[in-house]
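The structure under discussion appears below in the form of C-alpha cells.
Residue numbers (my numbering): 1 to 229.
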C-alpha cells in the first residue's frame, strides 16, 4: 500500500516536471531532467505490476473427507496404546506386592516341636549329670573347700547370694571364678590368676559359664563322695 502511494506521488511529480507547471505560484528551477529519478520510478512501476498484479496468490489444496477419517483413526489408535501398556505394567506390580506380603508373613511354628525340645532339655540322665559334675573337679593333689572358692573374692559359690552370676573354670587348673570378676580380670591380663597359665583369646572373649546352681551341686557331690577333706 505504501509503495503504491509512493508510485502515485512520483508519477505526479514527473508529470509536474514534464509539463513545467507551477505549485502555489512557484516555478521549478532546473537545468536538465534527473535520469536516475526517472529510471527508479520506471523500475518501481514494473516491480509493482509483475509482483503485485500479475502474480497469483498461492492456493491451499482442500483436504478430502477420506483423509480426515484416516487421520482420526490414526490418532485414536495412538491414544489407546499407552493406556493398554500402563494397565499391563500395573498388573505385575500388584502381583509382586502380593507375593512380597506372602513372604513377609511369619510361618507359625508347631507347638509340638517346642514341647519336645523343652522335655529333652529338662530330662538329663543321671550318668550325664555325674559326668558334668566330675568335669568341674579342680586339679589338686588333695581336694579341700579352698579349691572350690572363687580365685578373686575367695568365697564359696552359694545360693541365693550368687544367683545369676555364673561360674567360669580355668581351662588348665579348673579352679572357679565368678563370671563378672573373670571378665574384669581378662581385660588387663591374659593369664589365670591361680596357675598363671595363658588363657586362649577365644575363651577370654566367650568363656563357658556354668550356672551357680549346678556348681553348688558339684560341691555337694564331692562332699558326699568324701573327696573333699
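Virtual Cβ for every residue (Gly too), placed ideally from N, Cα, C. Predicted model only: the values in this text are computed from it and were never measured.
query	result
State buried or exposed for residue 162, treating a residue as buried only when at least 16 other CB atoms are found within 10 Å of its CB.	buried
Quick one, which of 184, 185, 214, 227 has its alpha-carbon nearest residue 129's?	214
In terms of alpha-carbon separation, which member of 209, 178, 171 lies closest to residue 191?	171
Answer with buried or exposed for residue 115, where buried requires no fewer than 16 other C-beta atoms within 10 angstroms of its C-beta.	Reliability of the predicted coordinates at residue 115 is poor, the pLDDT of 49 falling under 50, and no value is obtained from them.
Ignore the nearest five residues each way along the sequence and tell me which others in residue 217's own chain have a CB closer than 7 Å to its CB.	133
Mind checking whether residue 177 and residue 151 have CB atoms under 9 Å apart?	yes
For residue 225, count neighbouring C-beta atoms within 10 Å of its own C-beta (all shown protein chains included) and say buried if the count is 16 or more, exposed if not.	exposed
Who are residue 167's beta bridge partners in DSSP?	178, 210
So what does DSSP say about residue 228, is it helix, strand or coil?	strand
Distance check for residue 206 and residue 165, CA to CA, integer angstroms please.	15 Å
Going by beta carbon distance, what residues of the same chain come within less than 8 Å of residue 230, once the five residues before and after it are set aside?	No statement about residue 230 is possible, as the shown extent of the chain runs from 1 to 229 and does not include it.
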